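Peer 1:
In the numbering used here, the protein residues as written are 2 to 238.
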């Protein structure tokens, strides 16, 4: 358990690293249910695969983790106000602070690129993190990312050209059904930016990756995990 000083206060977070020496750093942005045992478990698993992993509490301005009383089973209405209180400016400020914190740790190999992943609301934040440290962030993974394509001028799809990362964008089947053009827009933006990317719709519901959600899909979560490790292996080498 670590505490990170930011422009807006102190963020509680979880840091886990291999014992075998410095490794590429990875910053994990949780979903709307925040930092909890399921995301600590995911962080440990990434560390076991050879990465120094920081999982943050994105809602530290409002309250310390746990921010969702029942983890991934918490009624969404209870946690939505936490997400709605965050702004893109906060995402950028936090991303910068967390990347700097990772780079100050002896467990992080500064000669290798960083990765960042985001789940649900964390998807756009991961993209924004790559814009504040384009020279450091070499891989971005988003899983059932929310609001990845919007009409806003700072929509994530419009920001990818400001980054230098390899992308893995795993789209939920029900999100794709609501907005089938989003994946096309993302692919086009990534191709225009000449960034290597994998944009795929998974046959699973929004929220399928964390193991404590109501819609967790073990098979498709494992598939997404395998693709994430392959992306990191290539981009953070």
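No residue lacks a Cβ here, since even glycine has one placed at the ideal position from N, Cα and C. Everything numeric in this text was worked out from a predicted model, so none of it was measured.
Residue range of the beta strand (DSSP E) that residue 30 falls in?
Peer 2: For this step, residue 30 is matched to residue 29 along the chain shown. Taken as a continuous stretch (DSSP letters only), the beta strand (DSSP E) holding residue 30 covers 26–30.
Peer 1: Could you tell me the distance, in whole angstroms, from the CA atom of residue 71 to the CA atom of residue 48?
Peer 2: For this step, residue 71 is matched to residue 70 along the chain shown. For this step, residue 48 is matched to residue 47 along the chain shown. Distance between the alpha carbons of residue 71 and residue 48 is about 25 Å.
Peer 1: Sort 212, 34, 145 and 127 by Cα distance to residue 139 and report the nearest one.
Peer 2: Locating residue 139 in the chain shown gives position 138, counting from the first residue. Nearest option by C-alpha distance: 127.
Peer 1: Does the segment 190–206 come into contact with the segment 106–124, if we say contact requires no fewer than three beta-carbon pairs (one atom in each stretch) closer than 8 Å?
Peer 2: Contact between the segment 190–206 and the segment 106–124 is absent, because fewer than three Cβ pairs lie under 8 Å.
Peer 1: Would you mind stating whether residue 209 and residue 158 have Cβ atoms separated by less than 9 Å?
Peer 2: Mapped onto the chain shown, residue 209 falls at position 208. Mapped onto the chain shown, residue 158 falls at position 157. No. Outside cutoff.
Peer 1: For residue 122 and residue 236, what's the separation of their Cα atoms in angstroms?
Peer 2: As a working mapping, residue 122 is identified with position 121 in the chain shown. As a working mapping, residue 236 is identified with position 235 in the chain shown. The alpha-carbon atoms of residue 122 and residue 236 are separated by roughly 23 Å.
Peer 1: Would you report the Cα separation of residue 35 and residue 112, rounded to the nearest angstrom?
Peer 2: Looking up residue 35 in the chain shown gives position 34. Looking up residue 112 in the chain shown gives position 111. In a straight line, the C-alpha of residue 35 is about 30 Å away from that of residue 112.
Peer 1: Look at the alpha carbon of residue 31 and the alpha carbon of residue 59, and state the distance between them as a whole number of angstroms.
Peer 2: Translated into the one-based positions of the chain shown, residue 31 becomes position 30. Translated into the one-based positions of the chain shown, residue 59 becomes position 58. Distance between the alpha carbons of residue 31 and residue 59: 7 Å.
Peer 1: From the DSSP output, read off the bridge partner residues of residue 6.
Peer 2: Reading the chain shown from its first residue, position 5 is the one you call residue 6. DSSP, once it has assigned bridges, lists 11 as partnering residue 6.
Peer 1: Based on the DSSP secondary-structure assignment, which residues constitute the bridge partners of residue 79?
Peer 2: As a first step, residue 79 must be located in the chain shown, where it is residue number 78. Its beta-bridge partners do not exist; DSSP assigns none.
Peer 1: Going by DSSP, what residue range makes up the beta strand (DSSP E) through residue 167?
Peer 2: Locating residue 167 in the chain shown gives position 166, counting from the first residue. That run of the beta strand (DSSP E) goes 167–173.
Peer 1: Could you check the C-alpha separation between residue 130 and residue 18 for me, to the nearest Å?
Peer 2: Locating residue 130 in the chain shown gives position 129, where the first residue counts as 1. Locating residue 18 in the chain shown gives position 17, where the first residue counts as 1. Between residue 130 and residue 18, the C-alpha separation is close to 21 Å.
Peer 1: For a quick check, are the C-beta atoms of residue 135 and residue 106 less than 9 Å apart?
Peer 2: Position 134 of the chain shown, counting from 1, holds the residue named residue 135. Position 105 of the chain shown, counting from 1, holds the residue named residue 106. The answer is no: Cβ separation not under 9 Å.
Peer 1: Measure the alpha-carbon distance for residue 61 versus residue 150 and round it to whole angstroms.
Peer 2: Against the chain shown, residue 61 aligns to sequence position 60. Against the chain shown, residue 150 aligns to sequence position 149. If you take the alpha carbons of residue 61 and residue 150, they lie about 26 Å apart.
Peer 1: I need the straight-line Cα distance from residue 67 to residue 86, nearest angstrom please.
Peer 2: Numbered from its first residue, the chain shown carries residue 67 at position 66. Numbered from its first residue, the chain shown carries residue 86 at position 85. About 17 Å.
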